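In the working numbering, the protein residues as written are 1 to 346.
Just below is one structure, and these are the notes that go with it.
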Ligand code: NDP
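Set out below in structure tokens:
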């Protein structure tokens, strides 16, 4: 049944941004400068993945590199300088089936003419039962967050990509031994990262191996600890138990797009589909940028670049489609939008 609720114009935001990584804040900088007064919903990890990166060496403009959290603070302040509001809230549900779009942050409801999605991605896990049991007690998906706790200990790093190389190199600063465990003998990592790891005398290599079980125990203080792992040779199938104090899982990332499943087009791996070189999703007025729609490059600078694209797309789309609720967006009449009460059809 069709019913109408009434919203005041000021309750409908021109653009709401979901996610606070380099993509979200860059979108906010551009949307703010376009006078769209964006709100950024920072989500469960304010600042995104870079906040768990010690040193960012490849973001242009920072010749000597910059700690990830510091870079995100700068981006947040830059966005706020142009009228962005940052909310430490997580969007829990969205409705893109009618206009204005509705976003829920728990009990709180927000209305928007356009939405920019920049929800990013998160680390993948091995999905073996013992991994969850010891997560935070010796198993970690973030060397930069947890490496310090493994001072003078032996650890494994799982994976053969750039993340694994970077994390393994980093861990050699603290740990007495770091072994890279990789399921093949060829590496996906870029040559420069692989070479750097190969030149590190503190790194050991265990190829054609996968971890099938994390071994652990309870220590004298009653805390769970990791004591070892069972490795399986991916060529011969032979298994062996080895000792270790920590296991760092560095096997890639999954996009944070569960919220949009069934609403927006996405590929088999859950990355949002965008049209051509734009940030347009399959719903007019909903734009996507950053790692949630990029399974190829996944860099801070490319995320920032697509955040810029999304804000420009949103700005142009809003200009071309003045919102007249109760009707389809049209270019015909522009002043109805200024009415104090606007009907919203649900
Ligand atoms: P990748 O997808 O590149 O690599 C993932 C690695 O984990 C692969 O070696 C893969 O093995 C392995 N793997 C995946 N699933 C499993 C599993 N279930 N069990 C065991 N091993 C598994 O991800 P990364 O996070 O390493 O890199 C992502 C992107 O980020 C890349 O483009 C990279 O260049 C970039 N990056 C850049 C950095 C920098 O420039 N400083 C730092 C870190 C990342 P297999 O090869 O067999 O598939």
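No residue lacks a Cβ here, since even glycine has one placed at the ideal position from N, Cα and C.
Note that this is a predicted model, so its numbers are computed, not measured.
- Distances from the CA of residue 236 to each of 306, 229, 226, 208 were compared; the closest alpha carbon is that of 208.
- The beta carbon of residue 81 sits no closer than 7 Å to any heavy atom of the ligand NDP.
- Distance from the CA atom of residue 271 to the CA atom of residue 220, rounded to whole angstroms, is 45 Å.
- Under the three-state reduction of DSSP, residue 65 is assigned to coil, being neither helix nor strand.
- Within the chosen limit of 7 Å, the ligand NDP does not reach the beta carbon of residue 303 with any heavy atom.
- Note on geometry: alpha-carbon atoms of residue 222 and residue 27 lie some 47 Å from one another.
- Within the stretch 109-180, the complete alpha helix (DSSP H) runs of at least 4 residues fall at 129-133, 143-146, 162-171.
- The beta carbon of residue 152 sits closer than 8 Å to the beta carbons of 174, 175, 176 from its chain, once the five residues preceding and following it are set aside; these are given in chain order.
- One thing to note: residue 158 has its Cβ within 8 Å of the Cβ of residue 164.
- Distance from residue 292 to residue 256 at the Cβ level is roughly 6 Å; contact confirmed, criterion being Cβ atoms closer than 8 Å.
- Secondary structure of residue 280 (DSSP, three-state): strand.
- In this structure, the C-beta of residue 158 approaches the ligand NDP to less than 7 Å from one of its heavy atoms.
- Across the set 297, 33, 16, the C-alpha of 16 shows the shortest separation from the C-alpha of residue 114.
- Judged by DSSP secondary structure, residue 24 falls within the alpha helix (DSSP H) whose first and last residues are 22-33.
- When only Cα atoms are considered, residue 50 and residue 233 end up about 34 Å apart.
- Exclusion of the five residues before and after residue 315 leaves 34 as the residues of its chain whose Cβ lies within less than 6 Å of its Cβ.
- Around the beta carbon of residue 226, a 10 Å sphere encloses 16 or more other beta carbons of the protein chains shown; the residue is thus reported as buried.
- The stretch 277-289 and the stretch 246-255 do not touch, with fewer than 3 CB-CB distances between them shorter than 8 Å.
- At least one heavy atom of the ligand NDP falls within 7 Å of the beta-carbon of residue 251.
- Between the alpha carbons of residue 52 and residue 6 lies a gap of roughly 43 Å.
- Under the DSSP assignment, residue 232 falls in the beta strand (DSSP E) whose first and last residues are 224-233.
- A direct Cα-to-Cα measurement between residue 306 and residue 136 gives close to 33 Å.
- For a cut-off of 8 Å, the C-beta gap from residue 118 to residue 23 is around 4 Å, short enough to register as a contact.
- Distances from the alpha-carbon of residue 123 to those of 269, 318, 254, 46 put 254 closest.
- Of the candidates 10, 11, 8, 40, 40 places its Cα closest to the Cα of residue 311.
- Following the DSSP letters along the chain, one finds residue 86 in no alpha helix (DSSP H) but inside the beta strand (DSSP E) bounded by residues 85-87.
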